[in-house]
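Each residue of the sequence shown is one higher than the last, beginning at 144 in our numbering.
Backbone N, C-alpha and C fix where the C-beta goes; we use that ideal spot for every residue, glycine too.
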Amino acid sequence: MILDALGQAWRAWAHLGAALDEEQWQCPTRLDGWQVRHVFAHCAPAPGMLRTLPEGERGTPDFTDAESLLAHLQRPGGIAHQRAGDIRQEAITSADGQAHAELVAQFDVVAPDVLAELRTRDLTRHIDYGGLGTVPIAEALRIALMEAVVHYLDMAAALELEVPGPLAGLM
Numbered sequence: 144m145i146l147d148a149l150g151q152a153w154r155a156w157a158h159l160g161a162a163l164d165e166e167q168w169q170c171p172t173r174l175d176g177w178q179v180r181h182v183f184a185h186c187a188p189a190p191g192m193l194r195t196l197p198e199g200e201r202g203t204p205d206f207t208d209a210e211s212l213l214a215h216l217q218r219p220g221g222i223a224h225q226r227a228g229d230i231r232q233e234a235i236t237s238a239d240g241q242a243h244a245e246l247v248a249q250f251d252v253v254a255p256d257v258l259a260e261l262r263t264r265d266l267t268r269h270i271d272y273g274g275l276g277t278v279p280i281a282e283a284l285r286i287a288l289m290e291a292v293v294h295y296l297d298m299a300a301a302l303e304l305e306v307p308g309p310l311a312g313l314m
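Right under this line is the structure:
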């Protein structure tokens, strides 16, 4: 189930963050201008954001699956390209404004509660995905999982860790 996979990925983030020393937090990644701490700060809000997703209607969503929404976001000239610089700056600002322990707590403390709450919800209902259209909650979770896996691998590669390590079975 998507929630089990997301839980496994978020636990990997919590374990990784708890094990990093100061030098590792500063390690550059393959992402231009991003250090490990920036990647962590970029993904750390995900559990809390998923907690606050309001459920919408059950009718036909604007995007029926994660793939169609991601294709929309990633199209040439799409929002992912338009906002890339802003997203990087938000990650840097967030990393500079939070202690590493606060970032790790999002995966170690907040995430388990969010997953438990999501297990009580109807994941077929739709949510507004950042004003870009509606998508079933389960599909928004698939995007969160993809982000968690891809960016974990970005950090693991930068830190020369075994890959997929704690994400074995998710790929």
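Candidates the options, of which the one nearest residue i by Cα
i                 : options                           : result
glutamate 290     : Leu313, Thr277, Glu260 and Ala301 : Leu313
valine 252        : Ala161, Gln167, Met144 and Asp229 : Ala161
alanine 311       : Met144, Ile145 and Gln151         : Gln151
phenylalanine 183 : Arg218, Leu213, Glu245 and Tyr272 : Glu245
glutamate 305     : Ile145, Thr207 and Leu159         : Leu159
glutamate 282     : Phe250, Ala259, Ala301 and Asp205 : Asp205
threonine 236     : Arg180, Ala155, Leu163 and Pro307 : Arg180
DSSP state of residue i mapped onto helix, strand, coil
i             : result
valine 278    : strand
alanine 241   : The sequence given here has glutamine at residue 241, not alanine. DSSP places glutamine 241 in coil when its eight states are reduced to three.
proline 255   : helix
glutamine 169 : coil
Exposure of residue i, with buried meaning 16 or more beta-carbon neighbours within 10 Å
i             : result
glycine 176   : exposed
alanine 209   : buried
histidine 224 : exposed
proline 171   : exposed
arginine 226  : exposed
arginine 285  : buried
Closer than 6 angstroms: residue i CB and nearest the ligand ATP heavy atom
i           : result
leucine 216 : As far as ligands go, the structure on display features none, and thus does not contain the ligand ATP.
### Query
Do the segment 265 to 283 and the segment 163 to 172 make contact, defined as three or more Cβ pairs closer than 8 angstroms?
Taking 8 angstroms as the limit for Cβ pairs, the verdict is that the segment 163 to 172 does not touch the segment 265 to 283.
#### Entry: Uninterrupted alpha helix (DSSP H) stretches inside the segment 283 to 312 (no shorter than 4 residues)
Qualifying alpha helix (DSSP H) stretches: none in this window.
### Query
Can at least three beta-carbon pairs, one atom from the segment 276 to 283 and one from the segment 216 to 225, be found at a separation below 8 angstroms?
In short, these stretches do not touch, since the Cβ pair count stays below three.
### Message
Below 8 angstroms, how does it come out for the segment 287 to 302 and the segment 229 to 241: are there three or more Cβ pairs, yes or no?
### Response
No, because fewer than three Cβ pairs between the segment 287 to 302 and the segment 229 to 241 fall closer than 8 angstroms, the two stretches do not touch.
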